[in-house]
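In this note's numbering, the protein residues as written are 37 to 231.
All residues carry an ideal CB built from backbone N, CA and C; glycine is no exception.
Nothing here was measured: the structure is a model prediction, and the numbers come from that model.
To keep things clear, I will list the structure first and then write my remarks on it.
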């Protein structure tokens, strides 16, 4: 990411390399990856309550990130408050997962949505807002626009018995449901046999 001069954080690279559900702490000189020991039943239930969809929109995340960094460096009160709020929210979400309080986790996703959309005007647009509102009306407790924003993928935590209705409503709006599962192993490499 650094050598290719790609804007953004490092969380995606760490998540892919380590796999599993982790609480990752980024400090100026180090990164600490804390694997969360979530009860397997809780993890299975969490996976079942999640709906991932592709919004059909391309992302313009580099501009969004550049403005956020400039606002943070310039100490924009609104951006600093939102980022501090998101940081505090990650601790609450971690604790909810460890306690197996999944409905609370879903509600915290909604709080995160509210904070994140306050970071930059291009994180969302009327189409993405409508997708989120329709999802909330049809069983989603909360959701997260993945990445910096501007399109891409949306992850929703929804009521167990409303998952199929939510998926149908999202597809009717042009979103594509993406089947997925948690990867608990992370990046795997091996040496091929030359036989």
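- With fewer than 16 neighbouring CB atoms inside 10 Å of its own CB, residue 127 falls in the exposed class.
- In the three-state reduction of the DSSP assignment, residue 113 falls in the helix class.
- Collapsing the DSSP output to three states places residue 80 in a helix.
- A Cβ-Cβ contact shorter than 8 angstroms links residue 46 with residue 62.
- Counted as a single uninterrupted DSSP element, the beta strand (DSSP E) harbouring residue 71 occupies residues 67 to 71.
- Looking at the backbone, the Cα of residue 181 and that of residue 230 are separated by about 44 angstroms.
- Cβ contact annotation for residue 174 (same chain, cutoff 6 angstroms, sequence separation greater than five): 201, 202, 205, in chain order.
- In this structure, the CA atom of residue 91 is about 9 angstroms from the CA atom of residue 207.
- Three or more beta-carbon pairs drawn from the region 78 to 90 and the region 131 to 151 are found closer than 8 angstroms, and the two stretches are therefore classed as touching.
- In the DSSP assignment, the residues bridged to residue 176 are 194.
- Under DSSP, residue 212 takes part in a beta bridge, and its partners are 90.
- Assigned with DSSP and collapsed to three states, residue 202 falls in helix.
- Looking at 142, 52, 39, the one whose alpha-carbon comes closest to that of residue 225 is 52.
- Rounded to the nearest whole angstrom, the CA to CA distance from residue 124 to residue 151 is 11 angstroms.
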